[in-house]
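Numbering (this note's numbering), first residue to last: 29 to 504. Heads up, the beta-carbon is just placed ideally off N, CA and C, and yes, glycines get one too.
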Ligand SMILES: Nc1nc2c(ncn2[C@@H]2O[C@H](COP(=O)(O)OP(=O)(O)OP(=O)(O)O)[C@@H](O)[C@H]2O)c(=O)[nH]1
Ligand SMILES: [Mg+2]
């Protein structure tokens, strides 16, 4: 261990969320969390590591098992004496019944900072008071962290009052739903625990901020790349025998859609990795719209632009979707099943974004034909892809980094009205997207579309930062 780096031990009653808080702060998805008290049995070190450099160390400890016994012993000692944790460990080292308490006292005996974690959604009791008193008598630099496990805030005032009597720093933090800024604020508050550690924490905070900015930039880059690949993709197939043309067209269309889905999936995987969900397969909630494939009517109904925005975006992108859109919308208002076959099929395809990818046929000089499909020309596609990428970012940038606990919900799922983010974008914002999307649609090479891409990325970074900080409503 680098002894000069600050080390903080997370201590407290079993099952209050010590491991969860550390896992969230260090984004370590191998941390074992469980609804059964006593999951953590031995101390485990976690590093706050950025670009392979360790800035801080956190020690996860087992919960107090015999606080009354500890406190009685502590109280019997000379009030002037120091190093009580160390002496308690020496005196009781051969008592197996105390092994969890001895383990949790070990980092305190070495002078680590102490972060006392309590579940703020339950009332405080006499045992909590004993544990706070033990920490006070140990004398380590310390703070209290109130982690409300449930949405009940009726005990918060009581907790704040109680904790402020034993700790000069008390913070509220939700281990399962903390946003980036909340994590930053918690690290910031560790600065105040001990002045000697301040320079290390300042450095850690700078690295933490820079790392976050880099992730936002990289996410924006991934989304741009995803859009570029999806909006310019063309699938081709050579056919030598005319009788195979019909089946080849069907297969080509299937392959084309599969390719777009794959492009999107790869992009989302990269976003997930940027937010350090690696070890365990973090699943999307079953009700998440991202469980739906790209080309489904629910996706295209809930995500992407509104009708008026679509008309506006078509004009901005120089597309001629207006008449088609009117026709389709008219078709829908009559109910597609009462329409004639051709229009009904076209409307159904339009409703799930399957229309508007042109198929071309080219005669080859050496015989046979080349069939090609793409690029997709529907102006709604980039916005549906954008919405889905933003949902993916929102999910993985705030999903708790813990494993093994079936009770942990995935990030709260949002109601359909809250899903379509681009539908709330102003005309001004759409205008800022237009040059980049237009350049992609017209196949402008990278060097000439670079300024438009930069402008689009800046907009995306803004949107991502806003999303990262957005408080998701509690109950949905
Ligand atoms: N809803 C919710 N549940 C939480 C939160 N923090 C912890 N939990 C749950 O509380 C239980 C205990 O969490 P842990 O992080 O294992 O608690 P611990 O203090 O490390 O527990 P021990 O290792 O047993 O002492 C788990 O089921 C967690 O999912 C939270 O912020 N919100
Ligand atoms: Mg634990």
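Rounded separation between residue i and residue j - CA only
i, j, result
"residue 498", "residue 207", "8 angstroms"
"residue 340", "residue 465", "14 angstroms"
"residue 70", "residue 252", "45 angstroms"
"residue 426", "residue 496", "8 angstroms"
"residue 197", "residue 151", "20 angstroms"
"residue 40", "residue 235", "29 angstroms"
"residue 469", "residue 179", "47 angstroms"
"residue 145", "residue 32", "24 angstroms"
"residue 308", "residue 270", "Residue placement at residue 308 cannot be trusted, given a pLDDT of 46 that sits under 50; what the coordinates show is reported in the next sentence. Going from the Cα of residue 308 to the Cα of residue 270 covers about 50 angstroms."
"residue 300", "residue 161", "42 angstroms"
"residue 362", "residue 334", "No answer about residue 362 holds up, because its pLDDT of 48 lies below 50 and its placement is not dependable."
"residue 467", "residue 331", "23 angstroms"
"residue 67", "residue 181", "26 angstroms"
"residue 48", "residue 421", "21 angstroms"
"residue 194", "residue 237", "31 angstroms"
"residue 453", "residue 285", "27 angstroms"
"residue 139", "residue 241", "34 angstroms"
"residue 277", "residue 263", "11 angstroms"
"residue 55", "residue 461", "32 angstroms"
"residue 85", "residue 73", "7 angstroms"
"residue 232", "residue 303", "18 angstroms"
"residue 94", "residue 77", "34 angstroms"
"residue 177", "residue 221", "24 angstroms"
"residue 30", "residue 405", "Residue placement at residue 30 cannot be trusted, given a pLDDT of 48 that sits under 50; what the coordinates show is reported in the next sentence. Rounded to the nearest angstrom, the two C-alpha atoms are 57 angstroms apart."
"residue 283", "residue 291", "12 angstroms"
"residue 272", "residue 254", "33 angstroms"
"residue 515", "residue 408", "Nothing can be reported for residue 515: it is not among the residues displayed for the chain, which extend from 29 to 504."
"residue 132", "residue 141", "12 angstroms"
"residue 475", "residue 79", "31 angstroms"
"residue 281", "residue 266", "14 angstroms"
"residue 187", "residue 261", "57 angstroms"
"residue 483", "residue 456", "13 angstroms"
Endpoints, beta strand (DSSP E) assigned at residue i
i, result
"residue 278", "Careful: residue 278 lies outside any beta strand (DSSP E), inside the alpha helix (DSSP H) at 273-302."
"residue 95", "Note, residue 95: premise wrong, no beta strand (DSSP E); alpha helix (DSSP H) at 95-104."
"residue 82", "81-88"
"residue 399", "397-404"
"residue 78", "72-78"
"residue 264", "263-267"
"residue 449", "No beta strand (DSSP E) contains residue 449, which DSSP labels as neither H nor E."
"residue 200", "198-200"
"residue 146", "141-146"
First and last residue of the uninterrupted alpha helix (DSSP H) at residue i
i, result
"residue 333", "Where residue 333 is concerned, there is no enclosing alpha helix (DSSP H), given that its DSSP letter is neither H nor E."
"residue 483", "474-497"
"residue 116", "112-119"
"residue 249", "226-260"
"residue 49", "46-54"
Any non-hydrogen atom of ligand 2 within 6 angstroms of residue i CB
i, result
"residue 82", "no"
"residue 253", "no"
"residue 46", "yes"
"residue 68", "yes"
Contact test: residue i Cβ vs ligand 1 heavy atom, cutoff 6 angstroms
i, result
"residue 202", "yes"
"residue 65", "yes"
"residue 180", "no"
"residue 177", "yes"
"residue 56", "no"
"residue 71", "no"
"residue 42", "yes"
"residue 149", "no"
"residue 470", "no"
"residue 61", "yes"
"residue 91", "yes"
Neighbourhood of residue i by C-beta distance below 6 angstroms, restricted to the same chain and skipping five residues each side
i, result
"residue 298", "250"
"residue 390", "398"
"residue 380", "323, 324, 325 and 328"
"residue 296", "420"
"residue 560", "Since the first residue of the chain shown is 29 and the last is 504, residue 560 is not available in this structure."
"residue 219", "226 and 229"
Chain-order list of residues whose beta-carbon lies under 8 angstroms from that of residue i (same chain, five-residue window excluded)
i, result
"residue 459", "344"
"residue 81", "235"
Assumed close pair residue i, residue j - CB separation to whole angstroms, cut-off 8 angstroms
i, j, result
"residue 288", "residue 322", "6 angstroms"
"residue 244", "residue 492", "5 angstroms"
"residue 248", "residue 489", "5 angstroms"
"residue 125", "residue 87", "In fact, because the Cβ distance is near 22 angstroms, the residues do not count as touching under 8 angstroms."
"residue 167", "residue 110", "7 angstroms"
"residue 202", "residue 175", "6 angstroms"
Below-7 angstroms beta-carbon distance, residue i vs any chain C residue
i, result
"residue 495", "Protein chains in the displayed structure number just one, and chain C is not present."
Proximal residues to residue i (C-beta, below 7 angstroms), its chain only, five neighbours per side dropped
i, result
"residue 65", "42, 43 and 91"
"residue 449", "415 and 418"
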